[in-house]
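Numbering (the working numbering), first residue to last: 263 to 580.
For every residue, glycine included, the Cβ atom is placed at its ideal position computed from N, Cα and C.
Quick caveat: nothing in here was measured; it's all calculated off a predicted structure.
One structure below.
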């Protein structure tokens with residue numbers, strides 16, 4: 263947004279990505295690129311203000327050591343154990359979700375739905391069928407965003423037209439296929455938050471579950487990326503008709519090295535200093551990517567999918 267050289271035609275977001283997408287588009291409609299940046303800043307600043315009242319905060323030890331984890335906070339440890347023993351239907355029967363009020367006050371969804379400069383695709387998981395549901399156009403709403411970010415151990419399923427939904431990350435994190443059919447651009451820029459790879463083997467129950475969630479949330483994305491890589495190879499080697507098959511150029515911004523340093527408990531840290539830390543990691547990663555790869559946009563992929571899937575190939579595979 264700040265660089266100004268990249269035109270964004272469509273955004274696919276899941277969970278926090280869904281939240282960011284509607285906040286961004288609302289701000290963009292009000293004040294262009296600067297309006298989008300200001301809206302994102304204001305929204306997450308408000309998240310931090312609400313989070314300041316939570317009993318789940320960093321311990322003095324973590325603050326002193328410069329850690330953003332909550333591992334030494336008794337309230338976090340109790341909450342973590344409780345969510346594994348009781349469902350949100352037991353712990354929160356009134357189904358109170360502060361994010362609903364925040365979205366309603368911070369985002370003008372009528373304005374978001376009127377946006378023609380950027381398409382939004384928000385994914386959620388249908389609890390009954392296990393399939394992905396993509397909300398777009400007039401379907402974009404507070405409920406759609408809450409459905410996309412509904413972690414089932416923390417929140418009751420979000421019902422839309424009688425259908426219950428959980429977090430979209432289980433089936434699309436994010437979904438890429440809408441870009442194949444509903445966008446003109448052949449370039450897809452993936453902003454990767456969940457680390458694809460970790461060098462160390464988790465050995466605590468909490469870290470094992472965290473890595474399991476990362477693998478689960480990356481699984482659907484990897485399947486779509488593999489399909490893109492397969493079709494791209496067929497276009498190159500089998501001379502497929504490029505009028506029928508889209509030649510997708512893939513790019514990825516990631517900060518695995520920095521994000522891998524964060525413990526799983528940091529996902530519940532809403533402290534402003536931590537949110538600024540994450541923002542700065544993202545800004546640096548985006549700046550580095552633009553400096554190295556901007557000229558490749560519209561020309562070639564900078565995310566080598568063939569290399570990404572090299573170790574998973576079976577001998578003789580096309």
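Exposure of residue 340, with buried meaning 16 or more beta-carbon neighbours within 10 Å: Here residue 340 corresponds to residue number 78 of the chain shown, with the count starting at 1. Classification for residue 340: exposed.
Exposed unless 16 or more other CB atoms sit within 10 angstroms - verdict on residue 276: Looking up residue 276 in the chain shown gives position 14. Burial call: buried.
Opening and closing residue of the alpha helix (DSSP H) in which residue 338 lies: One-based indexing of the chain shown puts residue 338 at position 76. Run containing residue 338: 336-347, per the alpha helix (DSSP H) assignment.
Every unbroken beta strand (DSSP E) inside the segment 445-522 [3 residues or more]: 449-454 and 511-516
Start-end ranges of the beta strand (DSSP E) lying completely within the segment 398-448, minimum 3 residues: 420-422 and 425-429
Distance CB(residue 430)-CB(residue 494) smaller than 8 Å: If you number the chain shown from 1, residue 430 lands on position 168. If you number the chain shown from 1, residue 494 lands on position 232. The answer is no: Cβ separation not under 8 Å.
Contact under 8 Å by Cβ, residue 402 with residue 375: Along the chain shown, one-based indexing puts residue 402 at 140. Along the chain shown, one-based indexing puts residue 375 at 113. A contact, by the Cβ cut-off of 8 Å.
Member of 416, 391 and 311 whose CA lies at the smallest distance from the CA of residue 347: Within the chain shown, numbered from 1, the residue matching residue 347 stands at position 85. Closest by alpha carbon: 416.
C-alpha distance - residue 465 paired with residue 472, whole-angstrom precision: Position 203 of the chain shown, counted from the start, is the residue given in the question as residue 465. Position 210 of the chain shown, counted from the start, is the residue given in the question as residue 472. One C-alpha to the other measures close to 11 Å.
Where residue 240 falls, given that 16 or more other Cβ within 10 Å makes a residue buried: Because the chain in this structure spans residues 263 to 580, residue 240 falls outside the shown range and cannot be described.
Opening and closing residue of the alpha helix (DSSP H) in which residue 298 lies: Looking up residue 298 in the chain shown gives position 36. That run of the alpha helix (DSSP H) goes 278-313.
Enclosing alpha helix (DSSP H) for residue 536 [first to last residue]: Reading the chain shown from its first residue, position 274 is the one you call residue 536. First-last of the alpha helix (DSSP H) with residue 536: 534-555.
Cβ shell of residue 520 (< 7 Å), same chain only, five flanking positions each side left out: Along the chain shown, read from residue 1 onward, the residue named residue 520 stands at position 258. 543, listed in sequence order.
Whether residue 426 touches residue 389 by CB criterion (8 Å): Translated into positions along the chain shown, residue 426 becomes position 164. Translated into positions along the chain shown, residue 389 becomes position 127. Yes, the pair counts as a contact, with Cβ atoms nearer than the cut-off.
Neighbourhood of residue 304 by C-beta, 6 Å cutoff - its chain only, sequence neighbours within 5 removed: Counted from its first residue, the chain shown places residue 304 at position 42. Closer than 6 Å at Cβ, skipping near neighbours: no residue.
For residue 395: DSSP bridge partner residues: Counted from its first residue, the chain shown places residue 395 at position 133. According to DSSP, which records beta bridges pairwise, residue 395 is partnered with 386.
Straight-line Cα distance separating residue 309 from residue 316: By one-based count along the chain shown, residue 316 stands at place 54. By one-based count along the chain shown, residue 309 stands at place 47. So the two alpha carbons sit approximately 11 Å from each other.
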